[in-house]
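The structure appears below as structure tokens.
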Amino acid sequence: MSATRWHAPYAWLPGGLARDVVFEIEDGRFTAVLPDTPGGAAGAARRLPGIVLPGLANAHSHAFHRALRGRTHDRGGDFWSWRERMYGVARRLDPDGYLALARATYAEMALAGITCVGEFHYLHHGPDGTPYGDRNAMGEALRQAAAEAGIRLTLLDTLYLAGGLTPEGHTPLDGPQRRYGDGDVEGWADRVAELKPSAGMRVGVAVHSVRAVPREALAGVRDTAAGRPLHVHLSEQPAENAACEGHYGLTPTGLLEAEGLLGPMTTAVHATHLTEADIAALGQSRTTACLCPTTERDLADGIGPARALRDAGAPLSLGSDQHAVIDLLEEARALEMHERLRTLRRGRFDPGDLLGAATAHDGLGWPDAGRLEPGARADLVAVRLDTPRTAGIAPDQIVFAATAADVDTVVVDGRVVVEAGRHVLGDVAALLKAAVEPLWETG
Ligand SMILES: [Zn+2]
0 MSATRWHAPY
10 AWLPGGLARD
20 VVFEIEDGRF
30 TAVLPDTPGG
40 AAGAARRLPG
50 IVLPGLANAH
60 SHAFHRALRG
70 RTHDRGGDFW
80 SWRERMYGVA
90 RRLDPDGYLA
100 LARATYAEMA
110 LAGITCVGEF
120 HYLHHGPDGT
130 PYGDRNAMGE
140 ALRQAAAEAG
150 IRLTLLDTLY
160 LAGGLTPEGH
170 TPLDGPQRRY
180 GDGDVEGWAD
190 RVAELKPSAG
200 MRVGVAVHSV
210 RAVPREALAG
220 VRDTAAGRPL
230 HVHLSEQPAE
240 NAACEGHYGL
250 TPTGLLEAEG
260 LLGPMTTAVH
270 ATHLTEADIA
280 ALGQSRTTAC
290 LCPTTERDLA
300 DGIGPARALR
310 DAGAPLSLGS
320 DQHAVIDLLE
330 EARALEMHER
340 LRTLRRGRFD
350 PGDLLGAATA
360 HDGLGWPDAG
370 RLEPGARADL
380 VAVRLDTPRT
390 AGIAPDQIVF
400 AATAADVDTV
410 VVDGRVVVEA
420 GRHVLGDVAA
430 LLKAAVEPLW
440 ETG
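Numbering (numbering that gives the first Met the number 0), first residue to last: 0 to 442.
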């Protein structure tokens, strides 16, 4: 691959906002990043509009939940009633339908400036729990979907053994949950071992939650992770805490700590309802906290202690989770706005903190991405400064004004995936419609 040269009026470099920045890219990496190069737009350089951000990292995704958008928000109820609707969609997916839905969903992510997704994947088997001929057919559909959509994937293959947790113990998988299960932790690890990384995909592991994985299986997950990313839904709902404390006499965080699952390669997703001891344990172990603000508010989960976690030492990342919204700029903004609502104080995070959370690739196992600097993976996200939303703003406050609709150009590992707001696959809305509507047809 020959070298390419780009110029942008503004860019968010590791030191903050810079002007007149030239990027040189070779073999998918930045070879030079040169601020204050006013003549940089001349000659062979390709011009990017507005402000260039590092590639955005969507640290928590369930691709198939995209089918629930705009179909589940008008009901009352809570997380648990929403979950019943989600199971109804899960029941209808096979590898072909999953490929179509995930490809369209990941293409929507690319349009939003997301260059890497962490897919928390538990839809493993056929509807009655029988494995497909290739036991990883659903995971392989996700690999293909991400490759065709042009973004990187960390496949977080998820252990899911129990239907729920009560103070009396775990309940068996039931109904649609049967397709999530591998029988035991050994069966799961055996299947995960058959998944191989490829150029655009890394393999990580996940514990669905302490509701779905009994304590005796946790050490097996830690050993299977073997230094790869390990994600877990943590304390999203007070009911999970109550069941865990009732059964084990420990909070979910306390249980994970006792079993050695916390650490710098672990990401705790949601981390909403925590004790002070939980926050200290997550921070001291350098466990990443992945907040999903648009999901947490849609499902009436609550507001997590984001600033307290960061102050304790936990890095922050962001995810669009159920994809009611796919807009990492909105998630980043919500991190600050929810803190304001919770604390009655403004300025809890500065724009650099918020963009840092939106571009955090470490917890997905790509430590060489998410920064505009020589040697890093060449991801570029150009956000326009001349749209009705962004016209007239100070570029260093882009995170408080722009939305996914303002993303113009997206480059992933040196490859142009989105240009002038159009994805290389063409009409992404048509792809989404074709993938979603059959899942809701009755009869
Ligand atoms: Zn989730």
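Note that CB positions come from ideal geometry on N, CA and C, so glycine has one too.
Measuring alpha carbon to alpha carbon, tell me which residue in the options is nearest residue i.
i, options, result
"Ala241", "Val380, Leu67, Leu92, Pro166", "Pro166"
"His124", "Ala140, Ile113, Cys115", "Ala140"
"Asp277", "Arg309, Leu298, Pro251", "Pro251"
"Val116", "Tyr97, Ser316, His337, Ala40", "Ser316"
"His6", "Pro304, Gly413, Pro37, Arg142", "Pro37"
"Ala368", "Leu16, Gly39, Asn57, Asp173", "Asn57"
"Ala188", "Ile150, Arg134, Arg151, Glu235", "Arg134"
Pop quiz: residue i and residue j are said to be a contact at Cβ under 8 Å. What is the actual Cβ separation, rounded to whole angstroms?
i, j, result
"Val212", "Ala161", "7 Å"
"Arg347", "Glu335", "6 Å"
"His322", "Arg102", "That belief does not hold up - the Cβ atoms of His322 and Arg102 are roughly 14 Å apart, past 8 Å."
"Gly54", "Thr114", "3 Å"
"Leu16", "Pro394", "6 Å"
"Ala331", "Leu353", "4 Å"
For residue i, which residues of its own chain have a beta-carbon under 8 Å away from its beta-carbon, when the five flanking residues on both sides are left out?
i, result
"Val191", "Asp156, Val202, Val204, Thr223"
"Ser1", "Glu25"
"Leu430", "Ala99, Arg102, Ala103, Ala106, Leu424"
"Arg70", "Arg84, Trp439"
In this structure, how does DSSP classify residue i when only helix, strand and coil are distinguished?
i, result
"Gly442", "Unreliable placement is indicated for Gly442, whose pLDDT of 49 sits below 50; the coordinate value is still reported in the next sentence. Gly442 falls in the coil class under three-state DSSP."
"Phe22", "strand"
"Ser234", "coil"
"Val184", "helix"
"Asp277", "helix"
"Ala381", "strand"
"His272", "coil"
"Ser80", "helix"
"His422", "strand"
"Glu239", "helix"
"Arg347", "coil"
"Glu167", "coil"
"Met264", "coil"
"Leu363", "helix"
"Arg90", "helix"
"Arg227", "coil"
Within its chain, find whatever has a CB closer than 6 Å to the CB of residue i; leave out the 5 residues flanking it on each side and keep chain order.
i, result
"Cys291", "His59, Gly318, Asp320"
"Gln176", "Gly162"
"Leu255", "Leu261"
"Thr266", "His230, Thr287, Cys289, Gly362"
"Leu379", "Val51, Val410"
"Ala146", "Gly199"
With which residues is residue i paired in a DSSP beta bridge?
i, result
"Tyr9", "Arg18, Ile50"
"Phe63", "For Phe63, which the question treats as bridged, DSSP gives no partner whatsoever."
"Asp320", "Ser60"
Using a Cβ-Cβ cutoff of less than 7 Å, which residues in the same chain neighbour residue i once the five nearest sequence positions on both sides are dropped?
i, result
"Glu329", "Thr293, Thr402"
"Val32", "Leu12, Val20, Phe22, Leu371, Glu372, Pro373"
"Leu67", "Arg84, Met85, Val88, Gln321"
Strictly closer than 6 Å from CB to any heavy atom of ligand 3: give me those residues in the order they appear in the chain. This structure does not include ligand 3; its bound ligands are ligand 1.
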